[in-house]
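What follows is a set of notes on a single structure, which appears directly below.
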Amino acid sequence: MKILVGISGGVDSAVAARLLLDMGHEVEGAVLIMHEHTDTSSARDVADSVGIALHEIDCSFAFESTVKKNFLDEYLVGRTPNPCIICNAEIKFKYLYDYAVKHGFDKIATGHYADVTEIPTGDSVRYAIVAGSDPAKDQSYMLYRLSQEILSALMLPLAEYNKVEIREIAARCGLAAANRADSLEICFVPDGDYAEYIESRTGKSPEGNFIDPEGRVIGRHKGIIRYTVGQRKGLGISVGERAFVTKINPSENTVTLSRGSYSVKRLILSDMVYSGMSAPRNGEVGRFMLRVRYKSRPVSATVQFGNEGFAELITDVPVSAAPGQSAVLYDCDRVMAGGFISLPQ
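Sequential numbering of the sequence shown, starting at 2, is according to my numbering.
Have a look at this one:
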């Protein structure tokens, strides 16, 4: 098959391309130019070391109007977005897929630690993301919003590997990225100071009041963009014991702090997408395993599905969940559905 591999310049995409070549496929690479920090030279080094052609796909306008805009908009209303999830569904995989279709490729591939499986459903087939075999690197949570169209064309050759094995393969094959460190920060905020980035785009976030659950003022905050529900470090205030952010109110410019620990059992999900299952009927109830963060431990939950992409979720044990983040539903290791988190008022 002729396969287009997304090349980031890191070791994972380098090895993914190498493995596909070793399987006998015809492989070419593509680097997505998403913003001013895109490192096309590293991608070029990787492609050269693997021995494949590299195409450049400019999706910077769409990245600006979709990923960056969502990032700014969510923080300004007191929510905490995950830009990688938006990027994967709306930019990265979409542009890779569209380019592949236009230029005669059979499949697309990336260096993510996950897999894709087919699920027979009567006369048709659904496609679902499956967790990678290494729990420490599994990226299925980050891919839950990929469309059926994209999943049907996607190959993820790193599904059965761990990071140590990937670096060993890269070193053995002499790949350029063998010792390159993993990127941990938001790609378009490379210095990690997301609050400064937001203020450079939207203006100074005004200071306001910290309040307690009864509404009493207990101090001053430095702008709501600097806080997320569940946060307990870096608050800049002492209340005599451990305190957590439990609510952010943008209209009143207040941040509520509560003493003790923060957790909830009831969540509202919106903008649901369905991967390993068809869209359920209004009122349908199901039991799933749930993740509310990329690295969170799965917990059992009961989900009642509603109309217009909403669902209500009750967890068996309390979880620390932030509005704007994603809740992803699993059946064993298969991604079934997911949506964006809100907390009941």
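C-beta: ideal position from N, C-alpha, C; glycine also.
Per-residue DSSP class, three states only, for residue i
i: residue 58; result: strand
i: residue 326; result: coil
i: residue 100; result: helix
i: residue 171; result: helix
i: residue 331; result: strand
i: residue 50; result: helix
i: residue 8; result: coil
i: residue 1; result: One cannot answer for residue 1 here, as it falls past the ends of the chain, which runs 2 to 346.
i: residue 143; result: helix
i: residue 297; result: coil
i: residue 162; result: coil
i: residue 70; result: helix
i: residue 45; result: helix
i: residue 127; result: strand
i: residue 27; result: strand
i: residue 13; result: helix
i: residue 93; result: helix
i: residue 20; result: helix
i: residue 344; result: coil
i: residue 121; result: strand
i: residue 152; result: helix
i: residue 306; result: strand
i: residue 77; result: helix
i: residue 84; result: helix
i: residue 110; result: strand
i: residue 115; result: strand
Cβ pair residue i, residue j closer than 7 Å
i: residue 180; j: residue 144; result: no
i: residue 1; j: residue 343; result: With the chain running from 2 to 346 in the structure shown, residue 1 is simply not present.
i: residue 340; j: residue 271; result: yes
i: residue 158; j: residue 20; result: yes
i: residue 36; j: residue 66; result: no
i: residue 330; j: residue 291; result: yes
i: residue 98; j: residue 151; result: yes
i: residue 311; j: residue 285; result: no
i: residue 113; j: residue 140; result: yes
i: residue 87; j: residue 64; result: no
i: residue 108; j: residue 2; result: yes
i: residue 255; j: residue 209; result: yes
i: residue 50; j: residue 236; result: no
i: residue 304; j: residue 289; result: yes
i: residue 25; j: residue 48; result: no
i: residue 130; j: residue 100; result: no
i: residue 138; j: residue 164; result: yes
i: residue 258; j: residue 244; result: yes
Supposed contact pair residue j and residue i - C-beta distance, whole angstroms, cut 8 Å
i: residue 4; j: residue 110; result: 5 Å
i: residue 199; j: residue 220; result: The Cβ separation is near 22 Å, so there is no contact.
i: residue 171; j: residue 182; result: Incorrect: roughly 13 Å between the Cβ atoms, too far for contact.
i: residue 55; j: residue 203; result: Not really, about 35 Å apart at Cβ, beyond 8 Å.
i: residue 246; j: residue 228; result: 5 Å
i: residue 23; j: residue 167; result: Contact doesn't hold; Cβ gap of about 14 Å is too wide.
i: residue 189; j: residue 69; result: 7 Å
i: residue 323; j: residue 314; result: Actually they do not touch by this definition, with Cβ atoms about 14 Å apart.
i: residue 11; j: residue 184; result: 7 Å
Candidates the options: closest to residue i by CA position
i: residue 295; options: 117, 259, 52, 85; result: 85
i: residue 18; options: 25, 6, 10, 11; result: 6
i: residue 273; options: 52, 283, 266; result: 283
i: residue 39; options: 228, 9, 21; result: 9
i: residue 328; options: 266, 122, 210, 115; result: 266
i: residue 125; options: 304, 336, 277; result: 277
i: residue 222; options: 206, 324, 335, 311; result: 206
i: residue 260; options: 215, 28, 50, 31; result: 215
i: residue 153; options: 82, 121, 251; result: 121
i: residue 335; options: 118, 114, 113; result: 118
i: residue 115; options: 161, 279, 48, 81; result: 161
i: residue 230; options: 41, 81, 197; result: 81
i: residue 169; options: 16, 333, 345, 130; result: 16
i: residue 106; options: 142, 27, 333; result: 27
i: residue 337; options: 232, 252, 146, 193; result: 146
i: residue 251; options: 42, 79, 45; result: 79
i: residue 194; options: 123, 213, 226, 297; result: 226
i: residue 1; options: 184, 240, 281, 316; result: Since the first and last residues shown for the chain are 2 and 346, residue 1 lies out of range.
i: residue 293; options: 83, 43, 71, 41; result: 83
Chain D contact for residue i (CB, 7 Å cutoff)
i: residue 150; result: Of the protein chains in the structure, only one exists, and it is not chain D.
- Task: Please specify which runs of the alpha helix (DSSP H), each continuous and at least 4 residues long, are wholly inside the segment 174-255, giving them in chain order.
- Result: 195-203
Q) For the segment 251-295, which segments carrying the beta strand (DSSP E) assignment without a break, of at least 3 residues, lie completely within its bounds, in sequence order? A) 255-260, 265-275, 286-292
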